[in-house]
Every structure is written in C-alpha cells, then in structure tokens.
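Numbering (mature numbering (1 follows the signal peptide of the UniProt record, and there is no 0)), first residue to last: -27 to -1, 1 to 516. Virtual Cβ for every residue (Gly too), placed ideally from N, Cα, C. Written out below as structure tokens is the structure these notes cover.
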Amino acid sequence: MFKFTPYILMLSILFFSCFPSSLQVQASTLVSGMFVDVTYEEVMVDKKTTEKQLSKITLINDKGKTITLNIDSYASLFINSTPTSIGAFKEGMWVEATVELRNVKELNGFVDIAQGSDSQAIGESLTGTVNTIDRSGKFIAINSKERNSVKYYLDAQTKVIKDNKLVDLSVLYEGDRVKLTLSENSPSTLSTIEIVAEGIKVEQLYKGTVQQIDAKKKKLVVKDEKVFRNWDWRNTSANKGNISSKAFTAKTPIYVGTKKVDSNQLRNYINNEIYYVTIEQMGQEVVQKMIIKQSNERNLHEGLNSVDTSAQKIRLSSTGNLAYHNGTIIIRNGRLVDASALSQSGDAYVITNGTTTHQYANVIYVTNDGFQSANLSNHEVYFGQISSVGSYRLTLTNANRLSNNYWYGVGYSNLSFSEDTVVVEDANSWTADFTNSTSKYAYFYVKDNHIVAARIVGWSSPASFISVGRYSGNWNWNSIQVKDVSQWQAGNWIESNPIYYMDTTWTTFIKEGKVISKSDLEENDRLYIIHDTYSQARIILVD
C-alpha cells in the first residue's frame, strides 16, 4: 500500500493547486499618493472611560483625488523600509498603502535622504496650499506646515503642471494644493508648480433652523432650509416648515458665534439658526463648515478695500473695518479659502452678526474678481480693426483693451498669432484664419501678446455690457442660463436678475487659456460675460 503514497501526495498537491489563489490568500491592492493627515476617533473603553484610537488616513493620488482609507493599530508602518509609528508620517510625504478589505495592512512612506553634509537642496520639493497669487504674476505664497505664509518667485522658466500636462498660470487659484519644486539656481524661485488638488469648491451656502444634530451618524437636520442664490436667501422647498438633512464629517468645524465647539454640544442649540456651506463628495452634498447664529443678521454688499490677517479685520468701502473670526465662511473664486486668500479686489457680500450693529462677519463671499483675478495677469482682451496681416503678426487700429471692466482706447496694437490660434467669424463658418480679414473688426483673447482666439464681427464698437454670474446647468443649442448675476455699472457691481436666455450663437468660450465648447460647461462654473445686449454674449470666460 505504501508504494502508492507518493502518487497520492502528488495528486493531492495537483488538486489543491487547481483552486484560485484568491481562495487561499486574501487579494490586496496597492494605493499610492501624497499623505495628507490621520484621523482618530473616540472609543468607549468602559462606561466612564474613552480613548482615541487610530481610525483613518487621507491621501491625494496623482490625479488629485482625495482618498480616505481605514487603518488601525495593527497595520505595519515603515518609512524607507524602517519600522516606525504613525506620527512619523508627515503631510506631503509620498506613501504606498497595501489594502485588504478596505483596511490598510501595511503603510510605506518614502523620503529623500541627503548624501553628506555638503548636499544642497537642488530640485527640492515641498507642498502647501496657495494663499496668494501676485497680481503681476511674479510670485505666489503658500501656507506652510507651520501655518506661516511663505513667498516663492516665478520666472520665465517656471512650469505649471496639472493632470500631468503643462498648463497656464490661469489654472491656479487661491486654495489649490500644490507641490513646488525649487529652482537649481535660487532657493526662492520655483522650477515647477504642480497642482495636486483643486481648492475646496463650494457646492452651496445655506441657512436653516436646527432640528437635530446626530453626532454619531454625522447628520445635520434643519427646518426651513434656504439657499443663497441670486444674492438672496431662497427657500429650497415651497412648503414652509420643510425638513432637510445634510451629512457632515468628524472634521467639520462647528462654531457658535466665534467659539469652536464639539458636535456633541449642538443639542443645546435646537431651534437656533445655523449657516452651513457644502461641498460635493461622492455625488452628495457634505457640510464643510457650520456657524450657529448668535444674534441679528445684517447683509452688506460693498467693495473689499483691504484685509488685515493679523488683526482679523477686513475694510469695506462704506462700512469700514469689520472683524472676522476663525469660523467665518470665506468664499473666493467659488472656493472655500482662509482669510489669507482675501485681497483688495472685487466686491464682497458680507453676512454679519451683532445685536445693534455689525459686530463680526459670519460669511465673506467675494462675489466677483472677474477678469482682474491675479492668475490672469498676462491675459488680455482686445477689440479693434485689423489694419494689416503679415507673417504670423497683425496690426490693430482703433484698438481698445479691456481693463477694470472698461474699454480703454490704445490707438493701435501689434499682436502675434500661430497655427494654434482659433479664428471664427460671425455668420461665416468658412473662416478659420486671418485671410481676407483686413479692415474687419474683431475681439481678441490674448496671452503674452499671442492671440489665443479671435472672433471677427460685423460692427465697429465693442460690447457695452460686462456681467459675472454662475452657469445654472441649463443650455440649449443657442443659449445658456446664468444665475447669481452682477452687472458692472458706474464703477460698481450691481446685483441683477438671473439671465434665463443668454444667446450664445456668436460666442467664444475660454477656459484655462483655451477655447472650449459650450458642452464643456459644468453647473456652477463662474462666468465673466462680455455681451452686446443684455442677452447677446460675445466672449465668456469660464472658471
């Protein structure tokens, strides 16, 4: 009998090897990205004792997507193959996580090690959040890990990268998260700016009356919810007393007036009014910040003259100095930012709190930077008559340049163009370049004196209307709808009605320094509109 034993063993091995490896070993996936932070949660140890336990880590992958992974104290942790603790993982570090059943089993971090004491920081990289973009495009400033603002300079060789593509500085906004590489020649000059993740884009701004805050399920339940739209609070439901709920996270900051509180304390504020701002996550709205209103609300819409971050004050054109606080909801360029991203440009819609006067701001909403955003420093719009066309150059006469929302006569201008220049003509679909364009009038979108796009028109005066607003999400083959509209009149932005029919038959759309199609628009995109009549657009700049 024993002579058959080797054959039985061989057959057994062959039999078990036929089963997929997934039945023997749990399949794992490798997730890599830039380390952002770690989250702990309070866990009840016994009836009287709680302790903080490791719960989640947050990464940003190379596509700029934020990823949250579950992790516990049993995960193996390494940096450069050396065992370590979770505290050694720093913001901006590149990591690889081995994940099984949505839980991190092993986390590896990677850092560069200097070779000898004489090594210099050539090509050194660092990460941070943009808080300032110079109006002339000469520098940017980021919030460092120590929460200080650090300035870095740009030169002609500085490259801007997003989604692994070279892009223009106009793509960058305050609030965006970036990875910076320093120049080999100067430690204060940037070689590259890589946009790792866009700033926190605001979905909606709301207010309502607190009915319930479920700290365990992370749900905010309110009555009579109103959304801030078209420069006023609008009911989200036709039914008075409607109940709405929104999710929030363990990291959502909650303020009662100027004081930050824990979500468990909010049960003491049932039936109080609350302001809250949402972002979009995984197809649903999630509350990013909440403020319980303490006293009377007043609304201001004025020019923003200056900001003093050390004193936590802004100066408005009519009201003067007004305080803000750490919990103030600050929105600029459609993004949630901190006060360091404010600058003395555009108008601000400010919602204040105070018993008899404006005590402090709960919301600062910069309504329109328009075509004056700092990231558009080397971009211009011209209107003029094509006098002559040469070898990739043309001359304009009777030229006007758009500045501070006005057309200013500049006499003549010499501009360059290339095979990449997009040229169209009203009512003439055959036009694709400047052939036979002499003596015709046109709009020109220009970057660094190069014509990105031109629209040849049939009359000799530039558009007289300048408006800003947000794309409502509705469009037809020849029109779009615009909400939250402000129109430039007599040196001020004036709140205006929604535009339900903006004719785009003869309109050029520009986004991130390039011509786009109307179908590329996304709901809530910010629009800067140059239009002939109230409803006839010529150039629309999209953010």
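What does the Cβ neighbour count give for residue i, buried or exposed, with the cut at 16 atoms within 10 Å?
i	result
lysine 152	buried
leucine 369	buried
tyrosine 47	exposed
asparagine 104	buried
leucine 289	buried
alanine 510	buried
threonine 131	buried
serine 279	exposed
valine 16	exposed
tyrosine 501	buried
alanine 405	exposed
glutamate 198	buried
alanine 94	With a pLDDT of 44 at alanine 94, under the threshold of 50, the modelled position of that residue is not reliable, and the figure given next carries that caveat. Flag for alanine 94 reads exposed.
leucine 139	exposed
asparagine 241	exposed
aspartate 45	exposed
lysine 189	exposed
threonine 340	buried
serine 412	exposed
glutamate 495	exposed
leucine 74	exposed
glycine 60	exposed
alanine 129	exposed
Using C-beta distances below 6 Å, list every residue in its chain close to residue i, excluding the 5 sequence neighbours before and after it, in chain order.
i	result
glutamine 332	Asn326
valine 200	Gln177, Tyr179, Arg207, Thr209
serine -6	Note that serine -6 scores a pLDDT of 38, beneath 50, so its modelled location is shaky; the value from the coordinates is reported in the next line. Counting only Cβ-Cβ distances below 6 Å, and skipping sequence neighbours, we find nothing.
isoleucine -15	For isoleucine -15, the predicted structure reports a pLDDT of 47, less than 50, and the residue's modelled location is therefore unreliable. A value from the coordinates is still provided. Within the same chain, isoleucine -15 has no close Cβ partners at all.
threonine 2	Val72
isoleucine 302	Val250, Lys262, Val336
glutamate 79	Ser49, Thr71
methionine 66	Phe8, Gly82
lysine 484	Val515
valine 425	Tyr418
arginine 366	Ser389
serine -11	Since pLDDT at serine -11 reaches only 46, below the 50 mark, its modelled position is unreliable, and the value read off the structure follows with that caveat. There are no such residues.
valine 310	Glu147, Gly148, Ile303
lysine 135	Val144, Ile168
tyrosine 338	Ile304, Tyr322
Under 7 Å Cβ to Cβ from residue i, same chain only, skipping five residues before and after it: list those, please.
i	result
asparagine 244	Thr182, Val183
threonine 41	Lys29, Thr31
proline 226	Lys233, Lys262, Gly300
serine 452	Tyr474, Met475, Asp476, Thr477
arginine 202	Lys456, Asp457
serine 291	Glu275
glycine 384	Ala372
Using a Cβ-Cβ cut-off of 8 Å (strictly less than) and excluding sequence neighbours within five positions of residue i, which residues of its own chain qualify?
i	result
tryptophan 380	Phe356, Asn373, Arg374, Pro435
aspartate 399	Arg428, Ile429, Val430, Gly431, Trp479
proline 56	Ser49, Leu50
valine 354	Phe344, Arg374, Leu375, Tyr416, Phe417, Tyr418, Val419, Ile503, Ile512
asparagine 447	Ile453, Gln454
serine 361	Leu367, Thr368, Thr411
Of all the options the options, which has the alpha carbon lying nearest to the alpha carbon of residue i?
i	options	result
lysine 233	Ile52, Arg240, Gly300	Gly300
valine 123	Ile134, Leu163, Gly82	Leu163
threonine 12	Lys25, Ile287, Ser5	Lys25
serine 437	Gln267, Asp505, Leu367, Lys224	Asp505
aspartate 205	Gln267, Arg240, Arg271, Ser218	Arg271
alanine 253	Ser268, Arg308, Gly230, Tyr242	This sequence places glutamate at residue 253; alanine is not what is there. The residue with the shortest Cα to Cα distance from glutamate 253 is Arg308.
tyrosine 414	Ala61, Ile59, Gln358	Gln358
isoleucine 304	Pro56, Asp35, Ser5, Lys174	Lys174
threonine 282	Tyr297, His274, Glu275, Asn269	Tyr297
glutamine 267	Thr328, Gly256, His274	Thr328
alanine 321	Asn306, Ile265, Gly276	Gly276
asparagine 76	Val4, Ile186, Ile264	Val4
glycine 101	Thr330, Gly110, Arg108, Ile115	Ile115
leucine 378	Ile439, Tyr126, Ser364	Before going on, a small fix: residue 378 reads as asparagine here, not leucine. Asparagine 378 has its Cα closest to that of Ile439, out of Ile439, Tyr126, Ser364.
alanine 223	Ile186, Ala284, Tyr248, Gly230	Ile186
glycine 486	Val441, Glu495, Asn447, His423	His423
glutamate 246	Asp107, Asn401, Leu193	Leu193
valine 68	Ser98, Leu99, Ile33	Ile33
proline 160	Asn137, Tyr126, Ile216	Tyr126
serine 445	Ser459, Lys36, Ile472	Ile472
threonine 165	Val133, Val397, Lys111	Val133
Exercise for the section: Take every Cβ of the segment 147 to 165, pair it with every Cβ of the segment 302 to 316, and state whether three or more of those distances are shorter than 8 Å. Expected result: yes
Practice task
Could you tell me whether the segment 459 to 469 touches the segment 480 to 494, using the rule of 3 or more Cβ pairs below 8 Å?
Solution key: no
Problem - Those runs of the beta strand (DSSP E) which lie wholly inside the segment 124 to 169 and span at least 3 residues - result: 132 to 135, 138 to 140, 150 to 155
Handout entry: contact_flag[the segment 412 to 426, the segment 382 to 393] where n(CB pairs < 8 Å) is 3 or more
Key = yes
Problem - Contiguous alpha helix (DSSP H) assignments of at least 4 residues, all confined to the segment 202 to 244 - result: none
Handout entry: Complete runs of the beta strand (DSSP E) confined to the segment 417 to 458 [at least 3 residues]
Key = 423 to 430, 438 to 449
Handout entry: Start-end ranges of the beta strand (DSSP E) lying completely within the segment 275 to 356, minimum 3 residues
Key = 286 to 289, 293 to 305, 320 to 327, 333 to 341
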